[in-house]
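Residue numbers (my numbering), protein chains in the order written: chain E, 1 to 289; chain V, 290 to 552.
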């Protein structure tokens with residue numbers, strides 16, 4: 001992800017009262033203006049664009065390899081006026097969304113089934129630890145062998161990469177049941193399904209959302225990677241085409257587009273998090289302001 | 290109403306055995322409010338888990354209303370010490386109170402009535418739609434008590450419920466428990482490590498020995514039914530009873546030390 005997606009909200013929204021001035025202490029933290037972080041973030045992006053604009057006009061980098069920002073953004077604007085661009089965006093989002101949805105669904109089902117049964121969990125732990133670190137890109141040849149350049153090969157990579165992110169979080173979440181809460185549920189006659197629904201699911205939800213956030217980012221990376229290398233349709237493929245036809249400004253424009261997509265995805269999941277986890281300490285601190 | 294007979298619990302871990310409870314026998318009559326005190330680490334938690342059906346004893350039986358406890362009994366509600374962990378933060382106050390009633394499959398109108406009544410009974414009618422974490426500790430424990438009485442239990446177990454609240458809140462909650470006990474005519478077993486609290490609240494105080502636990506003493510508290518934080522606690526009889534329970538607990542500790550040295 002790019003810089004603007006950094007989690008800025010959490011720190012800024014809870015304004016701590018400034019501590020009483022102490023003698024010879026380091027300068028006390030300034031009380032930040034509301035929305036100050038957003039202003040700073042925008043300033044940072046503008047500064048970055050400015051440097052990008054200037055550097056290609058100096059002898060440092062040739063403009064053939066790094067067209068100035070204005071040129072790239074103009075190309076991007078041009079592209080967004082074409083149907084082809086939006087088809088590519090749609091293909092990328094479709095592969096990303098479908099892959100992520102399947103990965104999340106499978107991770108939730110397996111995570112709950114295996115996580116709530118200690119024997120199964122112990123039985124599968126070593127296998128998971130072996131499979132999890134395998135980089136998804138190492139499966140590219142295998143994916144091509146099985147599915148060719150079909151969207152299925154992209155999906156295979158995306159699902160494999162995103163699944164572990166979510167699955168491991170769900171396992172942690174399911175294991176995080178408070179013993180007192182569990183005893184309460186049992187004492188008040190909640191059966192297995194009622195406990196899964198009213199206790200285990202809400203307990204695991206913050207972990208699941210974290211998993212979805214990590215998984216969403218990884219899924220986007222893998223979607224673009226698969227389109228670049230396998231050549232299934234989408235932004236990744238467009239980048240490869242632009243590169244082979246010697247159009248660096250288009251390459252950069254499309255890269256910027258994928259970056260914006262990444263920021264949008266992260267923002268979306270964060271919004272979902274705030275909505276679903278209003279009760280959670282990490283969110284309610286923000287809500288209380 | 291509540292009969293504990295020959296209860297024994299041995300924890301087995303590998304080749305090590307720990308006898309937490311040796312031989313506990315006592316009965317609570319219908320509508321009785323009894324307090325259970327004992328030195329720390331005397332197996333109170335083990336006993337409560339066995340009574341509430343969360344744990345099976347090694348031997349002996351627990352009967353509620355004549356029926357042997359093999360799992361959580363339907364007519365029993367429990368109030369835990371750790372209210373913050375016992376209430377579900379993702380549910381509002383009224384949803385926390387209502388959840389066990391849903392599991393009992395009570396009709397909606399009946400559930401609503403019970404939730405409203407019990408929240409009003411603990412003085413939290415106004416906080417129904419708040420989340421537990423928006424309330425103070427004492428208020429949270431009131432919610433847990435409301436959840437327990439909405440369940441319409443014949444037996445209410447309270448596991449050191451006021452150990453984590455401040456002294457003033459504690460006095461209020463003690464009076465609340467006595468008020469609710471009279472109003473809803475439940476059998477209440479109140480576990481505490483606080484001798485004053487046990488004598489003030491109970492119609493009877495059971496003193497437990499150190500682990501492995503037996504009932505050390507069974508003290509009738511003849512302070513009358515109307516009790517008041519100021520006048521009851523300053524009665525000479527209160528001081529006498531308090532002294533007796535205190536002495537028994539000291540005995541229990543020393544007995545354990547002597548027994549330990551002898552072995």
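Cβ coordinates follow ideal geometry from the N, Cα and C atoms, glycine included.
These figures come from a predicted structure and were not determined experimentally.
Under DSSP, residue 299 of chain V takes part in a beta bridge, and its partners are V:308.
According to the DSSP assignment, residue 161 of chain E belongs to the alpha helix (DSSP H) that extends over 151 to 175.
If you compare the alpha carbons of E:244, E:223 and E:109 with that of residue 151 of chain E, the shortest gap goes to E:223. By the CB criterion at 7 Å, residue 537 of chain V and residue 503 of chain V fall outside the cutoff. Less than 7 Å divides the Cβ of residue 366 of chain V from the Cβ of residue 440 of chain V. Cβ neighbours of residue 371 of chain V within its own chain (closer than 8 Å, five residues either side excluded): 453.
Taking all protein chains shown into account, residue 45 of chain E has fewer than 16 neighbouring C-beta atoms within 10 Å of its C-beta and is therefore exposed. Residue-level contact check: residue 400 of chain V does not touch chain E, since none of the beta carbons of chain E fall below 7 Å from its beta carbon. Around the C-beta of residue 200 of chain E, 16 or more other C-beta atoms lie within 10 Å, and the residue is accordingly described as buried. In the three-state reduction of the DSSP assignment, residue 505 of chain V falls in the strand class.
For residue 334 of chain V, no pairing in a beta bridge is given by DSSP. For residue 428 of chain V, DSSP assigns no beta-bridge partner whatsoever.
Distances from the CA of residue 406 of chain V to each of V:386, V:374, V:394 and V:479 were compared; the closest alpha carbon is that of V:386. Boundaries of the beta strand (DSSP E) around residue 348 of chain V: 348 to 353.
In the DSSP assignment, residue 494 of chain V falls within the beta strand (DSSP E) that extends over 493 to 497.
Interface residue (Cβ-Cβ distance to chain E less than 7 Å): residue 343 of chain V is classified as such. Remark: C-beta atoms of residue 261 of chain E and residue 239 of chain E do not approach each other more closely than 7 Å.
Where residue 358 of chain V is concerned, there is no enclosing alpha helix (DSSP H), because DSSP gives it neither an H nor an E. Put simply, the CB of residue 187 of chain E is near chain V, with a gap under 7 Å to one of its CB atoms.
For residue 314 of chain V, the secondary structure class from DSSP, reduced to helix, strand or coil, is strand. Taken atom to atom, the span from the alpha-carbon of residue 281 of chain E to that of residue 423 of chain V is near 11 Å.
Distance check between residue 437 of chain V and each of V:332, V:302 and V:368 places V:368 closest, using alpha-carbon atoms only. With a cutoff of 7 Å on beta-carbon distance, residue 169 of chain E and residue 218 of chain E are scored as not near each other.
In the three-state scheme derived from DSSP, where H, G and I count as helix and E and B as strand, residue 452 of chain V is classed as coil. Burial is judged here by how many other beta carbons sit within 10 angstroms of a residue's own beta carbon; residue 42 of chain E has fewer than 16 and is exposed. Against chain V, the CB of residue 183 of chain E has a partner CB under 7 Å away; the residue lies at that interface. Residues of the stretch 199 to 219 of chain E whose Cβ lies closer than 9 Å to any Cβ of chain V, in chain order: 199, 202, 203 and 205. Separation of residue 51 of chain E and residue 245 of chain E (C-alpha to C-alpha, rounded to the nearest whole angstrom) is 27 Å. Using a 10 angstroms sphere on the CB of residue 346 of chain V, the tally of other CB atoms reaches 16 or more, which defines it as buried. Here residue 375 of chain V has 369 and 433 as same chain residues with Cβ atoms under 6 Å from its own Cβ, once five neighbours each way along the sequence are excluded.
Counted as a single uninterrupted DSSP element, the beta strand (DSSP E) harbouring residue 366 of chain V occupies residues 365 to 368. Burial state of residue 198 of chain E is buried, judged by a 10 Å Cβ sphere holding 16 or more other Cβ atoms. Taking CB atoms only, residue 450 of chain V has no neighbour in chain E less than 7 Å away. A straight-line Cα-Cα distance of about 16 Å links residue 307 of chain V and residue 329 of chain V. Around the beta carbon of residue 122 of chain E, fewer than 16 other beta carbons lie within 10 angstroms, which makes this residue exposed. Taking one beta carbon from each stretch, the stretch 349 to 363 of chain V and the stretch 517 to 526 of chain V have fewer than 3 pairs nearer than 8 Å; the two do not touch.
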